[in-house]
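Undergrad:
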Amino acid sequence: MKEFSPRIGPFLRTSNTSARIMLDVVIALVPAMIFGVWWNGPRALLEILVACAVCQACDMVCDKISGRDFTHGALVTGVLLAFNMTGTTPIWVIILASVFAIVVGKQVFGGLGSNIVNPALMGRCFVMLVYPTVLNSFTVAGGGVDSVTSATVLGTGAGSYSYLQMFLGTIPGTIGETSKLLLLIGFLYLVFRREVNWLASLVYVATVAGVSAMFGFDPLTSLLSGGLVLGACFMLTDYVSVGIRGQLFTAFFAGLVTTFIRVHSSLPEGVCFGILTANCLMGLFVFAQGKHVYGIKDEIGKEDGHA
Amino acid sequence: MKRSDFRIRDRGIFPSGEWDKGLANDRPFESIAPQTVLLSECQGGGSRIRFLCEPGQRVARGEKIAEPANFTGVDLHAPVSGVVKEFIKQKMPNGELTYCVIEADETQPATADFPYMHEIVQPEAFDRAQLLAAMKDGGVCGMGGAGFPAHIKYAAEVDFDTIIVNAMECEPYLCCDHRMLIEHPYEVLNGLLAMRKACGADRMVISTEENKENAAELLRKIIAENGLEIEVAVREDKYPQGSEKQLIKQVTGREIPSGKLPADVNVVVSNVHTARALADMLYAGEPSMTRGITVTGLVNRPGNYLVPIGTPFTDLIAAAGGLKEEDVRIVLGGPMTGSLLAMGDEADRLPGGVTKTSGGLIAIKDRGLRESPCIRCGSCASACPMGLTPYKINAAYLHGDLPLCEQLLATECIACGSCSFICPARRELTQTSIRARDEVRAMIRERSAKK
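As they're listed, the protein sequences go chains P and E.
In terms of my numbering, the first sequence is residues 151 to 457.
In terms of my numbering, the second sequence is residues 3 to 453.
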């Protein structure tokens with residue numbers, strides 16, 4: 151991309167940059183990352199580092215081949231991908247998933263900003279379908295307990311763990327998804343920095359809770375189990391969509407798919423497919439983006455919607 | 003970290019703060035007596051004037067020396083007494099322009115003191131026709147930037163119901179309107195009363211921003227003392243609410259339909275300086291010959307200057323103590339919508355001089371920017387005061403897809419610069435939006451010509 155010095159206004163620019171936004175997301179993920187490493191053991195750290203390194207390397211190679219400017223965006227993908235893996239996932243699976251996430255999830259669409267779906271979720275999706283057993287067993291190393299393999303909350307059903315345990319994260323799960331508390335703290339940081347559409351996250355979790363309740367499941371358990379909070383806070387809000395109102399529809403739709411998969415399918419978790427499906431259907435929600443343009447009569451007769 | 007970093011809200015940005023306005027907003031106007039004045043044939047917007055004087059001719063202060071050469075031009079009067087030296091061409095951001103150079107006499111006529119500068123004067127002595135004539139003869143034009151002739155704007159045969167004095171001055175750094183309100187409030191208010199009579203509006207509003215609270219207080223005090231019915235509206239300082247369209251929406255709730263003028267929604271808006279210029283003409287017989295300008299940024303002594311039109315920009319930089327650093331860009335106008343006058347190393351030979359519409363001369367740090375891919379954060383779409391989606395227009399324009407630009411209503415862009423300001427990927431959104439706007443408009447004209 152070219153360098154330029156402006157000849158016409160504006161001569162001032164905000165100090166915020168794309169790199170800063172990505173750094174902020176990584177910062178927001180750090181608390182949950184520390185917990186994940188403590189709870190799953192040092193191997194989790196290795197997984198995170200491998201995922202980041204492979205993602206970044208892949209991204210750089212692809213950018214180089216296609217003559218694009220090199221960016222740091224892949225680090226976020228790496229961390230999120232590792233967050234979606236269990237503490238026992240073989241390293242070579244992580245490597246494959248990282249390559250898949252960056253190459254197929256992001257670069258074939260044109261790299262940073264051109265991807266249709268969340269690359270980290272593409273990586274997870276790949277693992278779920280190709281190595282289905284990998285994501286079904288978990289180690290729990292934290293708190294001095296020896297490694298044990300146990301089922302997820304979604305697998306065993308409600309009742310095995312208290313709400314508090316589920317909120318704090320002392321339950322089996324993938325590396326990054328268990329501590330809802332720390333994920334929310336990170337999310338609050340992003341909200342404070344005005345970098346996410348928190349309303350979309352809210353719509354997503356509310357849809358999942360509501361629809362789960364309709365099917366007779368405990369809404370609180372639905373909220374606190376699996377990767378829902380991680381997905382809502384960090385993957386649904388990833389900038390693959392645009393248009394604030396469009397994002398709300400997307401979030402609602404993702405919530406529906408997530409719940410249906412959780413309720414009806416044999417898959418362990420619906421968050422991944424829920425968000426991916428909604429990402430793909432983004433085009434359908436363009437109608438909701440109808441912003442009021444000053445001085446133009448709205449065709450659908452909408453009032454100024456501040457969309 | 004600046005406050006602006008945290009705030010992206012619907013329809014607007016927050017580029018300004020104490021750090022920029024604070025440089026000069028407590029500095030009273032200083033006057034400069036330039037040895038020569040450089041009078042541009044373009045006093046604002048696309049206006050042109052034709053000079054009526056000859057080299058060697060002696061002109062007196064206030065003498066008419068130029069007449070309109072196109073629809074948006076207004077009369078120009080010699081701002082100083084002196085001798086016309088020559089006509090020169092200078093390269094300005096908006097093209098090569100002819101300048102009339104007048105060498106000023108050493109002794110200039112003393113400026114008199116009039117009652118309208120210290121008290122409210124109702125324009126009872128004038129009827130509408132006389133007021134419009136005074137606007138025309140005084141060379142009064144929109145001094146906020148567009149330079150549109152006041153006598154044409156106020157002559158519109160429309161049932162005006164609201165007149166707004168635009169004291170928003172929402173561009174960062176600038177504070178000459180602020181100083182004008184504080185130092186010459188009676189002129190501005192008397193000008194407003196006269197303009198109200200000229201347009202017949204019932205509602206008078208002076209709209210300003212929170213960062214000019216002291217000026218608003220002063221105006222309220224004078225208004226209350228004199229029992230005037232003028233609203234002083236103080237808004238949160240947000241850019242670009244001083245833009246005419248946004249201001250009208252805010253004050254009246256009305257939107258100017260695409261392609262129409264404020265008069266089409268029965269509103270007229272004038273700048274603080276315009277109001278003062280009319281009062282000067284009516285009550286002192288002084289045509290529009292001076293204006294306030296803020297010289298700020300990376301200069302040694304940022305300040306405000308009340309100067310004759312035509313004061314060379316070089317003199318202004320010198321009066322402000324010169325540049326602090328050489329590695330700057332000297333910007334004419336506000337930092338958001340202004341244009342690059344010269345680089346810092348040319349500070350001692352800047353082209354041009356003050357026009358009726360120059361509100362600021364700012365030295366801004368020169369920094370290279372690097373465009374990176376759009377990350378689709380949507381900030382530009384949130385910031386756009388017109389409700390456009392600049393990132394889409396950018397992509398469509400770069401693909402050469404003008405019909406899509408038209409669908410995206412690129413024609414409505416007001417070139418405020420909010421999108422480029424807010425873009426974390428540093429994309430040149432404003433530039434592509436302006437180009438898309440102009441090319442789509444040309445395309446539409448071509449299409450309708452074919453029909």
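All residues carry an ideal CB built from backbone N, CA and C; glycine is no exception.
Given the structure is predicted, the values throughout are model-derived calculations rather than measurements.
Would you please state the rounded distance, in angstroms, between the beta carbons of THR100/E and PRO314/E? I believe it to be under 8 Å.
TA: Working through the second sequence from its first residue, we reach residue 100/E at position 98. Working through the second sequence from its first residue, we reach residue 314/E at position 312. The pair is not a contact, with the Cβ atoms about 15 Å apart (cut-off 8 Å).
Undergrad: Chain E partners of ILE158/P, CB-CB under 9 Å?
TA: One-based indexing of the first sequence puts residue 158/P at position 8. Near ILE158/P (Cβ distances below 9 Å), the residues of chain E are PRO95, THR339, GLY340, SER341, LEU342, ALA417, GLY419, THR432, GLN433, ILE436.
Undergrad: With a threshold of 9 Å between beta-carbons, can ALA383/E be considered close to chain P, or not?
TA: Mapped onto the second sequence, residue 383/E falls at position 381. Interface residue, yes.
Undergrad: List, in chain order, every chain P residue whose beta-carbon is nearer than 7 Å to that of VAL427/E.
TA: As a first step, residue 427/E is located in the second sequence; it is residue number 425 there, counting from the start. Note on residue identity: the sequence assigns Ala, not Val, to residue 427/E. Those are SER168, listed as they occur along chain P.
Undergrad: Considering only residues of the same chain and omitting the five flanking positions on each side of ALA322/E, which have a CB-CB separation below 7 Å?
TA: One-based indexing of the second sequence puts residue 322/E at position 320. Result list for ALA322/E: VAL297, VAL301, ASN302, ARG303, PRO304, GLY305, in chain order.
Undergrad: For GLY58/E, count the other beta carbons within 10 Å of its own beta carbon; 16 or more makes it buried, fewer makes it exposed. Which is it?
TA: Counting from one through the second sequence, the residue named residue 58/E turns up at place 56. Its Cβ having fewer than 16 others within 10 Å, GLY58/E is exposed.
Undergrad: Contact between the stretch 193-204 of chain P and the stretch 230-239 of chain P is defined here as three or more beta-carbon pairs at a separation below 8 Å; is this criterion met?
TA: Yes, since at least three Cβ pairs between the stretch 193-204 of chain P and the stretch 230-239 of chain P fall closer than 8 Å, the two stretches touch.
Undergrad: Using the Cα positions of VAL295/P and TRP188/P, report the straight-line distance between them to the nearest angstrom.
TA: Numbered from its first residue, the first sequence carries residue 295/P at position 145. Numbered from its first residue, the first sequence carries residue 188/P at position 38. Reliability fails at VAL295/P, whose pLDDT of 40 lies under 50, so the model's placement of it is uncertain and the value that follows must be treated cautiously. One C-alpha to the other measures close to 12 Å.
Undergrad: Is it true that the CB of PRO310/E sits closer than 9 Å to the CB of PRO30/E?
TA: As a first step, residue 30/E is located in the second sequence; it is residue number 28 there, counting from the start. As a first step, residue 310/E is located in the second sequence; it is residue number 308 there, counting from the start. Contact flag unset, no.
Undergrad: Please look up how many angstroms separate the CB atoms of ALA349/E and ILE332/E, rounded, as I've assumed it's under 8 Å.
TA: Position 347 of the second sequence, counted from the start, is the residue given in the question as residue 349/E. Position 330 of the second sequence, counted from the start, is the residue given in the question as residue 332/E. The pair is a contact, with the Cβ atoms about 7 Å apart (cut-off 8 Å).
Undergrad: Does the beta-carbon of GLY430/E have 16 or more other beta-carbons within 10 angstroms, so that it is buried, or is it exposed?
TA: What you label residue 430/E is simply residue 428 of the second sequence in a count that begins at 1. Residue 430/E is actually Glu in this sequence, not Gly. It is buried - the Cβ of GLU430/E has at least 16 other Cβ atoms within 10 Å.
Undergrad: Pull the bridge partners of TYR101/E from the DSSP assignment, please.
TA: The residue labelled residue 101/E in the question sits at position 99 within the second sequence. The partner list for TYR101/E (beta bridge, DSSP) reads SER42/E, ILE90/E.
Undergrad: Whole angstroms are fine: how far does the CA of ALA148/E sit from the CA of THR357/E?
TA: As a working mapping, residue 357/E is identified with position 355 in the second sequence. As a working mapping, residue 148/E is identified with position 146 in the second sequence. Whole-angstrom Cα-Cα distance: 11 Å.
Undergrad: Thinking ALA398/E and LEU390/E are a contact (beta carbons under 8 Å), I'd like their distance in whole angstroms, please.
TA: The residue labelled residue 398/E in the question sits at position 396 within the second sequence. The residue labelled residue 390/E in the question sits at position 388 within the second sequence. Not really, about 12 Å apart at Cβ, beyond 8 Å.
Undergrad: Looking at C-alpha atoms only, which residue of GLY336/P, PHE367/P, GLY255/P is the closest neighbour of ALA382/P?
TA: Taking the first sequence and counting its residues from 1, the one referred to as residue 382/P is at position 232. Of GLY336/P, PHE367/P, GLY255/P, the residue nearest in Cα terms is GLY336/P.
Undergrad: In chain order, what are the residue ranges of uninterrupted beta strand (DSSP E) at least 3 long that sit wholly in the stretch 236-297 of chain P?
TA: Runs found: none.
Undergrad: Kindly give me the distance between the Cβ atoms of PRO426/E and ASN166/P, rounded to whole angstroms, as I take these residues to be in contact under 8 Å.
TA: In the second sequence, the residue the question calls residue 426/E occupies position 424. In the first sequence, the residue the question calls residue 166/P occupies position 16. Yes, PRO426/E and ASN166/P are in contact; Cβ-Cβ is about 5 Å, under 8 Å.
Undergrad: Which value, in whole angstroms, describes the spacing of the CA atoms of GLY324/E and TYR241/E?
TA: Along the second sequence, one-based indexing puts residue 324/E at 322. Along the second sequence, one-based indexing puts residue 241/E at 239. One C-alpha to the other measures close to 29 Å.
Undergrad: In the DSSP assignment, find the unbroken beta strand (DSSP E) run with ASN306/E in it and report its ends.
TA: Sequence index remark: in the second sequence, residue 306/E carries index 304 (1-based). Here the beta strand (DSSP E) through ASN306/E covers 305-310.
Undergrad: Please confirm whether GLY140/E and ALA26/E have their CB atoms less than 9 Å apart.
TA: For the purposes of this step, residue 140/E is taken as the residue at position 138 of the second sequence. For the purposes of this step, residue 26/E is taken as the residue at position 24 of the second sequence. Cβ atoms of GLY140/E and ALA26/E: not closer than 9 Å.
Undergrad: Could you list the residues in the stretch 179-200 of chain E with a C-beta less than 9 Å from some C-beta on chain P, going in chain order?
TA: If the cut-off is 9 Å between Cβ atoms, the stretch 179-200 of chain E has nothing near chain P.
Undergrad: Within 9 Å of any Cβ in chain P, is that where the Cβ of GLU288/E sits?
TA: As a position in the second sequence, residue 288/E is number 286, starting the count at 1. Output row for GLU288/E: interface = no.
Undergrad: Quick one: Cα of LYS453/E to Cα of ILE446/E, how far?
TA: Stepping through the second sequence from its first residue, residue 453/E is reached at position 451. Stepping through the second sequence from its first residue, residue 446/E is reached at position 444. For LYS453/E and ILE446/E, the distance between alpha carbons rounds to 11 Å.
Undergrad: List the residues of chain P whose Cβ lies closer than 8 Å to the Cβ of LYS247/E, in chain order.
TA: Along the second sequence, one-based indexing puts residue 247/E at 245. Result: TYR444, GLY445.
Undergrad: Closer than 7 Å between beta carbons: that is the criterion. Which residues of the stretch 41-59 of chain E meet it against chain P?
TA: Under the 7 Å Cβ criterion, the stretch 41-59 of chain E contributes no residue.
Undergrad: Please determine, among PRO259/E, LEU249/E, CYS382/E, GLU173/E, the residue with the shortest C-alpha to C-alpha distance to GLY340/E.
TA: Along the second sequence, read from residue 1 onward, the residue named residue 340/E stands at position 338. Nearest C-alpha to GLY340/E: GLU173/E.
Undergrad: Name the residues in the stretch 331-354 of chain P whose C-beta lies less than 9 Å from a C-beta of chain E; which are they?
TA: Correct list: PHE342, ARG343, ARG344, GLU345, ASN347.
Undergrad: Going by CA-CA distance only, name the one from PHE150/E, VAL103/E, ARG205/E that's closest to GLY46/E.
TA: Locating residue 46/E in the second sequence gives position 44, counting from the first residue. Of the candidates PHE150/E, VAL103/E, ARG205/E, the one whose C-alpha sits nearest the C-alpha of GLY46/E is PHE150/E.
Undergrad: Closer than 9 Å by beta-carbon distance: list the chain P residues that pair up with VAL333/E, in chain order.
TA: Numbered from 1 along the second sequence, position 331 holds the residue referred to as residue 333/E. Going along chain P in sequence order, the residues near VAL333/E (Cβ under 9 Å) are GLY159, PHE161.
Undergrad: DSSP three-state label for LEU325/E, please.
TA: Walking along the second sequence from the start, residue 325/E turns up at place 323. LEU325/E falls in the strand class under three-state DSSP.
Undergrad: Take the Cβ of GLU231/E as the centre, count every other Cβ of all protein chains shown within 10 Å, and call the residue buried at 16 or more, exposed below.
TA: Translated into the one-based positions of the second sequence, residue 231/E becomes position 229. Exposed is the call here.
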